[in-house]
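Remarks on the structure that follows.
Residue numbers (our numbering): 957 to 1149.
See below:
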(Lines of atoms letter the chains of each structure in order from A and count residues from 1; the text may use other names and numbers.)
(Lines give C-alpha, C1' and ligand atoms only; values in the text may rest on other atoms or scores of the structure.)
Protein backbone atom coordinates (compact mmCIF):
# COMPACT_ATOMS: atom_id res chain seq x y z
CA UNK A 1 0.00 0.00 0.00
CA UNK A 2 2.86 2.39 0.84
CA UNK A 3 4.56 1.62 -2.50
CA UNK A 4 1.32 2.23 -4.36
CA UNK A 5 0.76 5.58 -2.59
CA UNK A 6 4.37 6.65 -3.24
CA UNK A 7 4.01 5.76 -6.92
CA UNK A 8 0.72 7.69 -7.19
CA UNK A 9 2.27 10.72 -5.48
CA UNK A 10 5.31 10.57 -7.79
CA UNK A 11 3.12 10.15 -10.92
CA UNK A 12 0.86 13.05 -9.89
CA UNK A 13 3.81 15.37 -9.18
CA UNK A 14 5.38 14.57 -12.59
CA UNK A 15 2.05 14.98 -14.38
CA UNK A 16 1.21 18.25 -12.62
CA UNK A 17 4.67 19.74 -13.21
CA UNK A 18 4.32 19.15 -16.95
CA UNK A 19 0.63 19.83 -17.52
CA UNK A 20 -0.41 22.20 -14.77
CA UNK A 21 2.58 24.48 -14.30
CA UNK A 22 1.29 28.00 -13.92
CA UNK A 23 3.17 31.09 -15.04
CA UNK A 24 2.15 34.70 -15.39
CA UNK A 25 3.62 36.63 -18.35
CA UNK A 26 2.93 40.02 -19.92
CA UNK A 27 3.53 42.25 -22.93
CA UNK A 28 3.13 45.93 -23.81
CA UNK A 29 2.81 47.66 -27.17
CA UNK A 30 0.29 49.05 -29.64
CA UNK A 31 -2.75 47.73 -31.48
CA UNK A 32 -4.25 49.30 -34.60
CA UNK A 33 -7.93 48.42 -35.03
CA UNK A 34 -10.19 49.12 -38.00
CA UNK A 35 -13.92 48.93 -37.25
CA UNK A 36 -16.30 48.87 -40.21
CA UNK A 37 -19.98 48.33 -40.92
CA UNK A 38 -23.32 50.11 -41.06
CA UNK A 39 -24.74 51.86 -37.99
CA UNK A 40 -28.40 52.66 -37.47
CA UNK A 41 -29.27 56.36 -37.28
CA UNK A 42 -32.48 58.41 -37.18
CA UNK A 43 -32.34 58.57 -40.97
CA UNK A 44 -31.92 54.82 -41.55
CA UNK A 45 -28.35 53.53 -41.57
CA UNK A 46 -24.98 54.98 -42.50
CA UNK A 47 -21.69 53.42 -43.41
CA UNK A 48 -19.28 53.53 -40.47
CA UNK A 49 -15.51 53.20 -40.44
CA UNK A 50 -12.98 53.99 -37.73
CA UNK A 51 -9.28 53.33 -37.36
CA UNK A 52 -7.96 53.57 -33.81
CA UNK A 53 -4.50 53.04 -32.30
CA UNK A 54 -4.54 51.80 -28.72
CA UNK A 55 -1.85 51.37 -26.11
CA UNK A 56 -2.02 47.66 -25.25
CA UNK A 57 -1.14 45.77 -22.07
CA UNK A 58 -1.45 42.00 -22.36
CA UNK A 59 -1.34 39.91 -19.19
CA UNK A 60 -1.20 36.18 -19.93
CA UNK A 61 -1.45 33.19 -17.62
CA UNK A 62 -0.16 29.79 -18.74
CA UNK A 63 -2.36 27.15 -17.18
CA UNK A 64 -0.90 24.20 -19.12
CA UNK A 65 2.66 24.10 -20.40
CA UNK A 66 5.45 21.76 -21.38
CA UNK A 67 8.99 22.35 -22.65
CA UNK A 68 8.09 23.96 -25.99
CA UNK A 69 4.40 24.94 -25.84
CA UNK A 70 1.66 26.21 -23.57
CA UNK A 71 -2.04 26.90 -23.34
CA UNK A 72 -2.80 30.31 -21.88
CA UNK A 73 -5.66 32.61 -21.01
CA UNK A 74 -5.11 36.34 -21.36
CA UNK A 75 -6.63 39.77 -21.84
CA UNK A 76 -4.91 42.07 -24.40
CA UNK A 77 -6.40 45.27 -22.94
CA UNK A 78 -6.29 48.44 -25.04
CA UNK A 79 -7.05 52.13 -24.59
CA UNK A 80 -6.58 55.04 -26.99
CA UNK A 81 -7.54 58.55 -28.10
CA UNK A 82 -7.51 59.74 -31.72
CA UNK A 83 -8.67 62.58 -33.97
CA UNK A 84 -11.32 61.41 -36.42
CA UNK A 85 -12.01 63.31 -39.65
CA UNK A 86 -15.18 63.34 -41.70
CA UNK A 87 -15.43 64.02 -45.41
CA UNK A 88 -18.63 65.98 -44.70
CA UNK A 89 -17.91 69.67 -44.24
CA UNK A 90 -14.25 69.06 -43.33
CA UNK A 91 -15.46 68.06 -39.86
CA UNK A 92 -13.31 66.48 -37.15
CA UNK A 93 -13.94 64.85 -33.80
CA UNK A 94 -12.18 63.16 -30.93
CA UNK A 95 -12.41 59.40 -30.54
CA UNK A 96 -11.88 57.61 -27.26
CA UNK A 97 -11.97 53.81 -27.21
CA UNK A 98 -11.15 50.90 -25.00
CA UNK A 99 -10.87 47.22 -25.84
CA UNK A 100 -11.47 44.38 -23.35
CA UNK A 101 -10.98 40.95 -24.93
CA UNK A 102 -10.43 37.61 -23.19
CA UNK A 103 -8.54 35.02 -25.24
CA UNK A 104 -7.27 31.45 -24.99
CA UNK A 105 -4.08 30.86 -27.00
CA UNK A 106 -1.98 27.88 -27.96
CA UNK A 107 1.65 29.10 -27.84
CA UNK A 108 4.62 27.32 -29.35
CA UNK A 109 8.34 28.08 -29.44
CA UNK A 110 9.68 31.51 -28.53
CA UNK A 111 8.29 32.73 -25.17
CA UNK A 112 5.62 30.03 -25.01
CA UNK A 113 6.88 29.62 -21.44
CA UNK A 114 9.08 31.95 -19.36
CA UNK A 115 12.05 29.58 -19.77
CA UNK A 116 11.70 28.95 -23.51
CA UNK A 117 14.75 30.47 -25.24
CA UNK A 118 13.86 29.60 -28.86
CA UNK A 119 14.40 32.46 -31.29
CA UNK A 120 11.11 31.95 -33.18
CA UNK A 121 7.59 30.86 -32.28
CA UNK A 122 3.95 31.76 -32.57
CA UNK A 123 0.44 31.55 -31.23
CA UNK A 124 -3.09 30.79 -32.41
CA UNK A 125 -6.17 31.52 -30.37
CA UNK A 126 -9.78 32.51 -29.98
CA UNK A 127 -11.85 34.44 -27.51
CA UNK A 128 -14.48 37.09 -26.96
CA UNK A 129 -14.00 40.86 -27.20
CA UNK A 130 -15.80 44.03 -26.14
CA UNK A 131 -14.79 47.31 -27.86
CA UNK A 132 -16.33 50.60 -26.66
CA UNK A 133 -16.16 53.71 -28.89
CA UNK A 134 -17.06 57.33 -28.14
CA UNK A 135 -16.71 60.07 -30.77
CA UNK A 136 -17.39 63.64 -29.64
CA UNK A 137 -16.85 67.28 -30.65
CA UNK A 138 -18.03 66.55 -34.18
CA UNK A 139 -21.14 67.80 -35.96
CA UNK A 140 -21.51 64.68 -38.10
CA UNK A 141 -19.59 61.92 -36.34
CA UNK A 142 -21.03 61.91 -32.82
CA UNK A 143 -21.24 58.22 -32.01
CA UNK A 144 -21.21 56.23 -28.82
CA UNK A 145 -21.50 52.51 -29.10
CA UNK A 146 -19.89 49.16 -28.54
CA UNK A 147 -19.10 46.16 -30.63
CA UNK A 148 -18.69 42.74 -29.08
CA UNK A 149 -18.40 39.19 -30.28
CA UNK A 150 -16.18 36.17 -30.88
CA UNK A 151 -12.67 36.72 -32.20
CA UNK A 152 -9.91 34.72 -33.86
CA UNK A 153 -6.24 35.67 -33.55
CA UNK A 154 -2.79 34.51 -34.49
CA UNK A 155 0.77 35.72 -34.81
CA UNK A 156 4.43 35.00 -34.36
CA UNK A 157 7.17 35.86 -31.90
CA UNK A 158 10.88 36.36 -32.55
CA UNK A 159 13.98 37.55 -30.75
CA UNK A 160 16.28 40.23 -32.08
CA UNK A 161 19.96 39.28 -31.72
CA UNK A 162 20.63 42.28 -29.48
CA UNK A 163 17.67 41.77 -27.11
CA UNK A 164 16.65 38.90 -24.86
CA UNK A 165 12.98 39.97 -24.87
CA UNK A 166 10.99 38.81 -27.90
CA UNK A 167 8.62 40.83 -30.06
CA UNK A 168 5.13 39.55 -30.93
CA UNK A 169 3.42 40.54 -34.18
CA UNK A 170 -0.18 39.46 -34.54
CA UNK A 171 -3.56 39.98 -36.16
CA UNK A 172 -7.13 39.40 -35.10
CA UNK A 173 -10.66 39.48 -36.50
CA UNK A 174 -13.85 40.00 -34.50
CA UNK A 175 -17.39 39.63 -35.81
CA UNK A 176 -19.86 41.80 -33.92
CA UNK A 177 -22.97 40.32 -32.32
CA UNK A 178 -24.60 43.70 -31.52
CA UNK A 179 -27.43 45.04 -33.68
CA UNK A 180 -25.02 46.92 -36.02
CA UNK A 181 -22.81 43.80 -36.40
CA UNK A 182 -19.62 45.84 -36.84
CA UNK A 183 -16.52 43.97 -37.94
CA UNK A 184 -13.14 44.62 -36.33
CA UNK A 185 -9.75 43.92 -37.90
CA UNK A 186 -6.66 44.39 -35.74
CA UNK A 187 -2.89 44.36 -35.98
CA UNK A 188 -0.56 44.56 -32.99
CA UNK A 189 3.11 44.76 -32.12
CA UNK A 190 4.00 43.82 -28.54
CA UNK A 191 7.19 43.67 -26.52
CA UNK A 192 7.17 40.52 -24.37
CA UNK A 193 8.54 40.34 -20.81
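Where a beta carbon is used, it is the ideal one built from N, C-alpha and C, also for glycine.
Just so we're clear, the structure is a prediction, and the values are computed from it rather than from any experiment.
When 1018, 1091 and 1049 are compared against residue 1068, the one with the closest alpha-carbon: 1018
Backbone secondary structure at residue 1139 - three-state DSSP: strand
Cβ pair residue 1103, residue 1126 closer than 8 Å: no
Close beta carbons around residue 1088, own chain, < 6 Å, minus the five adjacent residues each side: 1054 and 1102
Beta-ladder partner(s) of residue 1026, from DSSP: 1021 and 1063
Contained alpha helix (DSSP H) runs [length at least 4] in the region 1080-1115, N- to C-terminal order: none
Pick from 1136, 1116, 1077 and 1144 that is closest to residue 1100, judged by C-alpha positions: 1136
Pick from 981, 985 and 1007 that is closest to residue 991, judged by C-alpha positions: 1007
Residue burial classification, residue 1034 (beta-carbon count within 10 angstroms, cutoff 16): buried
Residue 1052 to residue 1036 span [Cα, whole Å]: 6 Å
Extent of the continuous beta strand (DSSP E) to which residue 1124 belongs: 1123-1131
Integer-rounded CB distance, given that residue 1107 should sit under 8 Å from residue 1078: About 17 Å separates the two Cβ atoms, so there is no contact after all.
Rounded C-alpha distance that separates residue 1134 from residue 996: 11 Å
Anticipated Cβ contact below 8 Å, residue 1081 with residue 1112, distance rounded: With a Cβ gap of about 13 Å, residue 1081 and residue 1112 do not count as contacting.
Beta carbon proximity, residue 1083 to chain B, threshold 8 Å: Any reference to chain B falls outside this structure, which holds one protein chain only.
Residue 1040 versus residue 1015: straight-line alpha-carbon distance, rounded: 29 Å
Which listed residue (979, 1120 and 1059) has its alpha carbon closest to that of residue 1076: 1120
CA-to-CA distance, residue 1118 to residue 1091, given in whole angstroms: 41 Å
Assigned secondary structure, residue 1069 (DSSP; H/G/I helix, E/B strand, else coil): coil
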